[in-house]
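The structure appears right after this line, and notes come after that.
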Amino acid sequence: MNTIIEEINVKLNKIIEDLSENKKTTEEALTKVNASIKEKIKEAKKHKKQVDQAKNEIKTLEDEITSLKNDLTDLQEKFGKKDLKGIVEAGNKEINAKIQDKQNLINKEKVKISELTAKARSIKDLLINLKKDKNIKEERLENYTSAFNYYEEELNKIISYSSDNAENLEVKVEEVEEVPVYNFDGDIDESEVFDEILSIDNSINKREEPKEETNLEEDDKELDQDIDEVELEEEIKPDNEFLDKLKKTSFELDELEETIDLEYNNIFGEELEEEKVEEEKETEMPKTNIFDKNITEEEISNVELPNVFGNETEEDVEGFFEEFNLDFNRFDNDSQELLKNNFDKEKYSDIINLLKDNNIDLTNLYNSPNVLSEGNVENLKQTINSLLLSGQSTVNVGLVLNSLSKVNNDKLNNVINSYGGELNGANITDIVIKSIENNRGDS
523 MNTIIEEINV
533 KLNKIIEDLS
543 ENKKTTEEAL
553 TKVNASIKEK
563 IKEAKKHKKQ
573 VDQAKNEIKT
583 LEDEITSLKN
593 DLTDLQEKFG
603 KKDLKGIVEA
613 GNKEINAKIQ
623 DKQNLINKEK
633 VKISELTAKA
643 RSIKDLLINL
653 KKDKNIKEER
663 LENYTSAFNY
673 YEEELNKIIS
683 YSSDNAENLE
693 VKVEEVEEVP
703 VYNFDGDIDE
713 SEVFDEILSI
723 DNSINKREEP
733 KEETNLEEDD
743 KELDQDIDEV
753 ELEEEIKPDN
763 EFLDKLKKTS
773 FELDELEETI
783 DLEYNNIFGE
793 ELEEEKVEEE
803 KETEMPKTNI
813 FDKNITEEEI
823 SNVELPNVFG
833 NETEEDVEGF
843 FEEFNLDFNR
853 FDNDSQELLK
863 NNFDKEKYSD
873 IINLLKDNNI
883 DLTNLYNSPN
893 VLSEGNVENL
903 KQTINSLLLS
913 GQSTVNVGLV
923 LNSLSKVNND
933 KLNNVINSYG
943 GELNGANITD
953 IVIKSIENNR
963 GDS
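For the sequence shown, my numbering assigns the number 523 to the initial residue and increments by one for each residue that follows.
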């Protein structure tokens, strides 16, 4: 017995250890997500600071251009009327060159602002997914913590008790009321019930024997005699009125058949007619003249008009997502409009099947409508393959799903190759941001 108890207790301890390990793993994953959120917020603030600096630089350059234009005016006024055209031309040329240089610098700063803004938008999308992932992991951690605390306490009680009482394990069973035992050894009260049944049987057999002449009065007398012979516990009260009617009726076969046929027609003929009327009532369509001036607005509103415009896009879209076990109503309002306006069943199906083939959680789509509306199946396939081959997990790919439609695959391959030996520790957010089509890299 001790050996069995030890084996069972080892398995129970394994349950507690597994719960503890899952709890620890979830805590570590949540810590990483929180760190990623802080890092991305810090990065976004850095981009904001760079945008502000670029705006200040543009303002400074614009002020310098204004000053140079004033110098051109002064140069023209001072030397233009003194036949010093050479000085004026040389001055104009040099000043215009400086104005052009500063204008080029302004354009460069504007491009920088545009790139920083694009990065900020990508970070915003990633932060939304990271926050969603954080909420999922927090809920999972809470569940694991509750389960671990409960099972650790209860299973340890079982382990401790079974170890201390290995040879004396008992299960407490609730007391059951004793069922009274009847004694059948005494005298049984024999009744005449079997004799009575036999008597009834004999009387029935007698009535079934063929008779040359049968009439109602003889049968009545026979029945009365049988009832007198048998002592029944319940008194049988025949319907005298009914018997009187039977006595007055001839039992000739033809008349009986006619009576049965008549009753059959009366019952079933009328019922069939009622069923036909009900069917006609059900198929009768209400006639409402909507041009009648006396008709009420309520009657007009109750008239069902055919859908001649085919406005079933929303139902089609909802039904489409239900085929993949996705709830269309879980998308926010803007995403629903985007998906309906760009609905392409074949393309959407190909993209969702691509995600399923790569084991990417389809619930990520609720925060990633762009991958369906803007995505190209072949480009997405190449992008996902490149990210997975670079060592990124399907969970990470799901977090950046909304930005994958904007990725340039040539840039993505160059970015991946640029990490070299440090690729395993590369942040997928950084990889995706650097690979977006309109992103020219850090300047």
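The C-beta atom is built at its ideal place from N, Cα and C for all residues, glycine as well.
Opposing strand residues paired with residue i [DSSP bridges]
i: V929; result: I958
Proximity of residue i and residue j at Cβ, strictly below 9 angstroms
i: L877; j: N886; result: yes
i: N851; j: E840; result: yes
i: I563; j: Q625; result: no
i: Q914; j: I953; result: yes
i: S682; j: L691; result: no
i: N678; j: I538; result: yes
i: N651; j: N880; result: no
i: K656; j: V532; result: no
i: H569; j: L638; result: yes
i: V899; j: D647; result: no
i: L902; j: S927; result: yes
i: F842; j: K867; result: yes
i: S542; j: E674; result: yes
i: P891; j: S857; result: yes
i: S957; j: N931; result: yes
i: S549; j: L583; result: Looking at the sequence itself, residue 549 is Glu, so the reference to Ser does not match. No, the pair does not count as a contact, with Cβ atoms beyond the cut-off.
i: N949; j: E561; result: yes
i: A688; j: N524; result: yes
For residue i, the three-state DSSP class (helix, strand or coil)
i: V610; result: helix
i: L923; result: helix
i: A948; result: coil
i: I882; result: coil
i: F670; result: helix
i: K550; result: Position check: residue 550 holds Glu in this sequence, whereas Lys was assumed. Helix.
i: G942; result: helix
i: E664; result: helix
i: E637; result: helix
i: S915; result: coil
i: L909; result: helix
i: L848; result: coil
i: N864; result: coil
i: A557; result: helix
i: L934; result: helix
i: N531; result: helix
i: A688; result: coil
i: D593; result: helix
Local Cβ density within 10 Å of residue i, reported as buried at 16 or more and exposed below that
i: K733; result: Low confidence applies to K733: its pLDDT is 48, below 50, so where it sits in the model is not reliable enough to give any reading.
i: N918; result: buried
i: I628; result: buried
i: A612; result: exposed
i: Y666; result: buried
i: V893; result: buried
i: T995; result: Outside the modelled stretch of the chain, which goes from 523 to 965, sits residue 995, for which no answer is possible.
i: I680; result: exposed
i: V929; result: buried
i: V573; result: buried
i: T905; result: buried
i: G920; result: buried
Separation of residue j from residue i, as counted between CA atoms
i: N946; j: E845; result: 37 angstroms
i: T547; j: K653; result: 18 angstroms
i: I882; j: N864; result: 23 angstroms
i: E859; j: A566; result: 29 angstroms
i: K600; j: K591; result: 14 angstroms
i: D585; j: L934; result: 40 angstroms
i: A557; j: L884; result: 25 angstroms
i: K641; j: K620; result: 32 angstroms
i: T595; j: S644; result: 46 angstroms
i: I617; j: E579; result: 20 angstroms
i: K634; j: K581; result: 15 angstroms
i: K659; j: A576; result: 39 angstroms
i: G943; j: I526; result: 52 angstroms
Heavy atom of the ligand GTP within 8 angstroms of residue i beta-carbon
i: I645; result: For the structure depicted, the ligand GTP is absent and the ligand set is empty, with no information on it obtainable.
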